[in-house]
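Here's the structure we're looking at; comments come further down.
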Ligand SMILES: [Zn+2]
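Residue numbers (our numbering): 46 to 112.
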């Protein structure tokens with residue numbers, strides 16, 4: 046018997062944040078919040094989350110902050 050393991054990130058959109066002026070592209074837009082997690086998967090099914098990062102991102106140029 047053998048197992049197939051994989052590893053990779055998955056991003057979840059947590060919805061809109063507040064309206065901000067982007068310091069990178071100077072547009073004023075509603076920024077978006079994302080959660081990025083790395084998953085260990087077994088037979089292509091994610092089973093174990095190994096890390097979590099939250100980011101707030103400008104929708105125009107993808108510049109963002111980690112929080
Ligand atoms: Zn921007």
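Quick reminder that beta carbons are idealized off the backbone N, C-alpha and C, glycines included.
So is residue i buried or exposed if we call it buried at 16+ other beta carbons inside 10 Å?
i: residue 103; result: buried
Within its chain, find whatever has a CB closer than 6 Å to the CB of residue i; leave out the 5 residues flanking it on each side and keep chain order.
i: residue 51; result: 86
i: residue 99; result: 80, 112
i: residue 56; result: 79, 81
Measuring alpha carbon to alpha carbon, tell me which of the options ends up nearest residue i.
i: residue 106; options: 78, 71, 96; result: 71
i: residue 83; options: 63, 75, 95; result: 95
i: residue 74; options: 81, 61, 110; result: 61
i: residue 49; options: 63, 68, 92; result: 92
i: residue 47; options: 88, 108, 100; result: 88
Residues in its own chain within less than 7 Å of residue i by CB, not counting five upstream and five downstream?
i: residue 58; result: 77, 79
i: residue 66; result: 73
i: residue 110; result: 100, 101
Excluding the 5 residues flanking residue i on each side, which residues of the same chain have their C-beta closer than 8 Å to its C-beta?
i: residue 54; result: 81, 82, 83, 84
i: residue 108; result: 67, 68, 69, 70, 102
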